[in-house]
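Number of protein chains: 2
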Amino acid sequence: MKRLNAKCKLWLSSKNIEGVFGDGKWRLLEAIDRTGSLREASKSLQISYRKAWGDLNKAQDALNVALVEKQRGGNIGGKTTLTSEGKKWIEAYSKFRADVEKAVGKAYEKRIEGLLK
Amino acid sequence: MKRLNAKCKLWLSSKNIEGVFGDGKWRLLEAIDRTGSLREASKSLQISYRKAWGDLNKAQDALNVALVEKQRGGNIGGKTTLTSEGKKWIEAYSKFRADVEKAVGKAYEKRIEGLLK
DNA sequence: ACTGGTTATGCACAACTCGACATATCGGCT
DNA sequence: AGCCGATATGTCGAGTTGTGCATAACCAGT
Numbered sequence: 004m005k006r007l008n009a010k011c012k013l014w015l016s017s018k019n020i021e022g023v024f025g026d027g028k029w030r031l032l033e034a035i036d037r038t039g040s041l042r043e044a045s046k047s048l049q050i051s052y053r054k055a056w057g058d059l060n061k062a063q064d065a066l067n068v069a070l071v072e073k074q075r076g077g078n079i080g081g082k083t084t085l086t087s088e089g090k091k092w093i094e095a096y097s098k099f100r101a102d103v104e105k106a107v108g109k110a111y112e113k114r115i116e117g118l119l120k
Numbered sequence: 004m005k006r007l008n009a010k011c012k013l014w015l016s017s018k019n020i021e022g023v024f025g026d027g028k029w030r031l032l033e034a035i036d037r038t039g040s041l042r043e044a045s046k047s048l049q050i051s052y053r054k055a056w057g058d059l060n061k062a063q064d065a066l067n068v069a070l071v072e073k074q075r076g077g078n079i080g081g082k083t084t085l086t087s088e089g090k091k092w093i094e095a096y097s098k099f100r101a102d103v104e105k106a107v108g109k110a111y112e113k114r115i116e117g118l119l120k
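First to last, the protein sequences are chains V and F. Heads up: take any position in the first sequence, counting from 1, add 3, and you land on my numbering. Heads up: take any position in the second sequence, counting from 1, add 3, and you land on my numbering.
Take a look at the structure:
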């Protein structure tokens, strides 16, 4: 029997909308924080700007929170920066995710590993 | 801010193959145990026989374990029953899943709920 | 004004998944 | 030998999701 590993895709949903927030959007926020730009963030994550833009809006609409402040035009073209709410979400989700990852690892050791002789 | 809930898609992967075992295949095994037939199992889960059959084979191939014993022909056409290994997997995965679900709930309360004023 | 880089947004296209359909095969019973 | 219902498997089409391309709007600086 081969060696396995447990994976877990985590996300939050509201009553009406699936995938309000999850790993992808979390990484996106982090990348925005790091780069100061939605375009640069999408590049660094190797996803299309189109998707990054859509994801960000979806999260904001669904959560009804301003996670970022976007600015068009100007000498540098524009920028996107996190709001304090956005930073809180990164922080909270990061811990949430870490808690779950840890639990998954433990549960795997406890429940599954025994089956793999 | 709206009420959210945390979701978690769990699965096991081997080095080469994604999705070796997960909720879908777990439910499939349970349904097979309950019905004694792959066809009936697929019906009760409202998935196509085609998919059920493919999933089952994929799991067995990837785990390199006989989870079920299939029998073609005969007066009742055929049947599919779990092996003792199959039963062990149901049991183990069920507990694994429950552990993780519980942890997700706790982590959600601890890390996320505070953000939702 | 003009420029350059970014945000904003629609649309057509490719990849992937899954379901529906079509057949073929199998093997106790009658 | 023929039947019947389940397993076995390929194939085509629909729905979903993300990418790529095109284009517009924006605006501090030169």
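Each residue gets a CB set at the ideal place from its N, CA and C atoms; glycine is no exception. Note that the coordinates shown come from a computational prediction; the quantities given were computed from them, not determined experimentally.
Just mark Ala69/F as buried or exposed, buried being the case when its beta carbon has 16 or more other beta carbons within 10 Å.
exposed
Leu85/F burial status per 10 Å Cβ neighbour count (16 or more: buried):
buried
Quick check on Ile50/F - is its C-beta less than 8 Å from some C-beta in chain V?
no
Lys113/V to Lys28/F, Cα distance in whole Å?
20 Å
Hey, out of Gly76/F, Ala62/F, Glu116/F, whose CA is closest to Ser40/F's CA?
Gly76/F
So the candidates are Ala95/V, Gly117/V, Thr83/V; which of them puts its Cα closest to the Cα of Lys98/F?
Gly117/V
Rounded C-beta distance between Val71/V and Ile35/V? I'm assuming under 8 Å.
6 Å
8 Å contact criterion, which Tyr52/F and Arg42/F should meet: CB distance rounded:
6 Å
Around the Cβ of Asp64/F, are there at least 16 other Cβ atoms within 10 angstroms (buried) or fewer (exposed)?
exposed
Any idea which residues DSSP pairs Trp56/V with across the strands?
Partner(s): none; Trp56/V has no beta bridge.
Between the C-alpha atoms of Leu66/V and Leu31/V, what's the straight-line distance to the nearest angstrom?
16 Å
Could you pull the start and end residues of the alpha helix (DSSP H) that Ala34/V belongs to?
26-38
Could you work out which residue in Gln74/F, Ala62/F, Thr83/F, Tyr111/F is closest to Asp26/F when comparing CA atoms only?
Ala62/F
Closer than 8 Å at the beta carbon, the chain V residues around Trp92/F
Leu118
Going by C-alpha to C-alpha distance, which of Arg6/V, Cys11/V, Leu7/V sits closest to Ala101/V?
Cys11/V
Cutoff 8 Å: Ser17/V Cβ touching any chain F Cβ:
yes
Cα-Cα separation between Ile50/V and Ser87/F, rounded to whole angstroms
45 Å
Of the residues Asn78/V, Asp58/V, Phe24/V, Gly108/V, which one's Cα is nearest the Cα of Ile93/V?
Phe24/V
DSSP three-state assignment for Lys73/V, whether helix, strand or coil
strand
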